[in-house]
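The sequence shown lines up with residues 84 to 673 when you count with the numbering used here.
Structure, as structure tokens:
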Amino acid sequence: MNRFVLLSALTLVLVSGFPAVAQQHADLFLDTVDVRVINLEVMVTDRQGETVTGLEREDFEVLEDGEPVALTNFLAVEQRQVRQSETGPEGYEEGGYAREPDTRQLQLVIFVDENNIDPRNRNQLFGRLRTTLDEQWRPEDRAMMVSLGSELNTLAPFTSDVADLHGAIDALDGRVGGYSRVMNDYHLLQREIQRAALETPVANGLANPFFDSAVRNAEQLARRIRLVAEQRNAQTRRTIEHLGSFVRTLASLPGRKALLFLSDGLPTQPADPLVEAWRGKFESWAVQYDQNSMLSELTSLGSLDFDATSHIDDLVEEAAAHRVAFYPITPGARSAASGLSAEFQGSGTTDGSGAYSRTVQALEQMSLESSLMRLADETGGLAFTRTLNLDALMERIREDVTTFYSLGYSPTREEDQAYHEVEVRIKGRRDLNVRHLQGFREKGAMEKLQDRTLSALHHGITDNILGVRLEPGEAEATGKDRYEVAVMVKIPFEKVLLLPQGENHQGRLSLLVAVRDDQGRVSPFQEIELPIQIPNEQVLSALSGAAAYPMRLEMRGGPHRISLGVRDRIAQTDSTVNLEMTVGAKEPSR
């Protein structure tokens, strides 16, 4: 937390030489109008999976939290062309809601979940991915490739050069990630459950000396289920947390984002298959010989102890907020590979048919695939399971981002931070399949600005309508490989909304600053409130100048990216800007 420290005090000067007064507690009582429009991008297909076009505004019905809402905006986009456009009352266009959607490019993220994909499945998908990229790539497409093992690794930033993506795939070849270690423990435990002996208290009319050890072994296996389930659950939660953090960085990408998710699935209830395997082996035997202590070991291993479902909910909400649709794909053949052989026999199976083994495998497969389908369904994407057909999936992604319906409505409720479910229906057409975002959570202004600043920080995506400038100053050594760096923030007054309040014109800016080094380490966000007050007689002169705010940042030596988000709270407009600089050089470089 101490790698980067914001050292500056609140200071505001006019570069043009005219004075301005910074008030730390300037309360502006202003009437503002905030028109909120919720936009849903809807894909409609028939029973054969073909895209359905030609629908009209009157064909759609939208419900929020089960209550119908009136559409204010409607766009029908076919192959990047707007076929039909209907907007609501005057003023909706000003928020950018009724503008033609940005469908010129395919914004694709290829995300490899190294911790939850069998290396053999991954290598099969890589082979298909190379071919698909060669055959389907278009010059206007943009994609990036990211892997998640022990940490998140950007293998290729957003690029239109397919050779960069091939290089990223090559960099991952041969890597195992965290999958083998965790799954080896998982399958080893299954095999030990299968091989465990079932002894009787009496053998050949004598007390069986092996019975007590068999009971102790069964109890020990039950306790190991908890340890292995905890291990898998922790890995699943880490994966979801990394995914959520990454999705936030995509906030400023234009249009809808597609995340091609290469994973066998996220085990949301990892204890369940192991518990079922243990029950199939020992439960009847334990009941028959009144081994209640053994059964009590399993009583505490319910699904709720190791349930990552709520974390999947959080990830869905984050993806929904940033218009990121998940498109998972997995061959599936090995993803549910079980340590139990087809001859699995326990106290509950006597025919040797392997039926119980298949039940356990099916439970594992269902758990993994259901997480992938949930991510796809809730975000408006599509899951391809038990297949290597990447060609078809890429065609589906391209069709989704170039041919769709955009439906907008203005909520009558107060803005809140709650999650709201939405449903879209086609009136009188039950033969059609409708895919769309299943819900959303409205974010506050500063939370949105933080997300946009993250996009600038990680991907270099900026939108600087306020004309903000960052200018590097001197870097003063403060210790071994430690520097205090001066950075000046300049904001043209002509871009800031200043309103008369008595003898002054007042404005109000909020600043967010963060720093990222060349190793991907990111500082905590620093938030600065910057009220502005200019005497009325100096306003015209001030408009030709700029507000200047000096910051001093403590950083290590080396290349850095400084990202700044600025919000004009009165005009309700945001800007993001970056400064690239190398700290520790003789002269700071931009």
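Think of the CB as a built atom: it goes at the ideal place given N, C-alpha and C, for glycine as much as any other residue.
- Put simply, the backbone Cα of Arg331 is about 17 Å away from that of Asp196.
- A direct Cα-Cα distance of roughly 5 Å separates Leu582 from Gln589.
- Under the DSSP assignment, Thr536 falls in the alpha helix (DSSP H) whose first and last residues are 528–542.
- In the three-state scheme derived from DSSP, where H, G and I count as helix and E and B as strand, Glu525 is classed as coil.
- Only residues of its own chain outside the window of five on either side were considered, and among them Val125, Ala159 have a CB closer than 6 Å to the CB of Tyr488, listed in chain order.
- The C-alpha of Glu447 is placed about 10 Å away from the C-alpha of Ser453.
- Ala369 sits close to Leu378, with the two beta carbons spaced by under 8 Å.
- Just measuring C-alpha positions, the residue of Gly464, His542, Leu310 sitting nearest Met266 is Leu310.
- Between Ala408 and Thr462 a beta carbon distance of about 5 Å is seen, short of the 8 Å cut, so the two are scored as contacting.
- According to the DSSP secondary-structure assignment, Ser230 is paired through a beta bridge with Val195, Asn236.
- Looking at the DSSP output, Phe157 sits in a beta bridge with Glu169, Leu490.
- Looking at Val298, Ala317, Pro411, the one whose alpha-carbon comes closest to that of Lys364 is Val298.
- Taking the Cα of Ala239 as reference, the smallest distance to any Cα among Leu255, Gln444, Ser233 is reached at Leu255.
- Glu506 carries a strand assignment under DSSP once its states are collapsed to helix, strand and coil.
- Of the candidates Pro202, Tyr410, Arg274, Ser376, the residue whose Cα lies closest to the Cα of Pro356 is Arg274.
- When DSSP states are grouped into helix, strand and coil, Asp295 belongs to the helix group.
- Look at Lys340 here: in three-state DSSP terms it is strand.
- For Ala254, the enclosing alpha helix (DSSP H) starts and ends at 245–255.
- Residue pairing of Ser593 in beta bridges, as defined by DSSP: Glu612, Arg650.
- Beta-carbon to beta-carbon, Arg604 and Ala334 are separated by about 20 Å, too far to satisfy the 8 Å threshold.
- For Ala558, there is no enclosing alpha helix (DSSP H); the enclosing beta strand (DSSP E) covers residues 552–562.
- Apart from the 5 residues on each side of it in sequence, Leu580 sits with its Cβ closer than 7 Å to the Cβ of Gly590, Asp651, Ile653, Ala654 in its chain, given in chain order.
- Non-local beta-carbon contacts of Asp564 in its own chain, meaning distances under 7 Å to residues more than five positions away in sequence, involve Arg639, Gly640 in chain order.
- When the five nearest sequence neighbours on each side are left out, the beta carbons in the same chain lying within less than 6 Å of the beta carbon of Met456 are those of Ala466, in order along the chain.
- Of all C-beta pairs linking the region 516–527 to the region 610–629, fewer than three are shorter than 8 Å, placing the two stretches out of contact.
- Following the DSSP letters along the chain, one finds Ser393 inside the alpha helix (DSSP H) bounded by residues 392–404.
- For Asn122, the CB contacts under 8 Å within the same chain, skipping 5 residues up- and downstream, are Asn156, Tyr180, Ser489, Leu490, Gly491 in chain order.
- Across the structure, Glu234 and Leu212 are spaced so that their CA atoms are roughly 23 Å apart.
- For Ser450, same chain residues with a beta-carbon under 8 Å away, outside a window of 5 residues either side, are Gly348, Pro350, Thr351, Gln352, Pro353, Asp355, Pro356 in chain order.
- Asn122: member of the beta strand (DSSP E) spanning 121–128, first to last residue.
- At least 8 Å separates the beta-carbon of Ala246 from that of Met228.
- Counting only the Cα atoms, Asn661 lies some 24 Å from Thr561.
- The Cβ atoms of Leu595 and Val572 lie no closer than 8 Å to each other.
- Counting only residues of its own chain and dropping the five nearest sequence neighbours on each side, Ser328 has a CB closer than 8 Å to the CB of Leu235.
- Taking every protein chain shown into account, the CB of Ala301 has 16 or more other CB atoms within 10 angstroms, so this residue is buried.
- In the DSSP assignment, Leu138 falls outside any beta strand (DSSP E), carrying neither H nor E.
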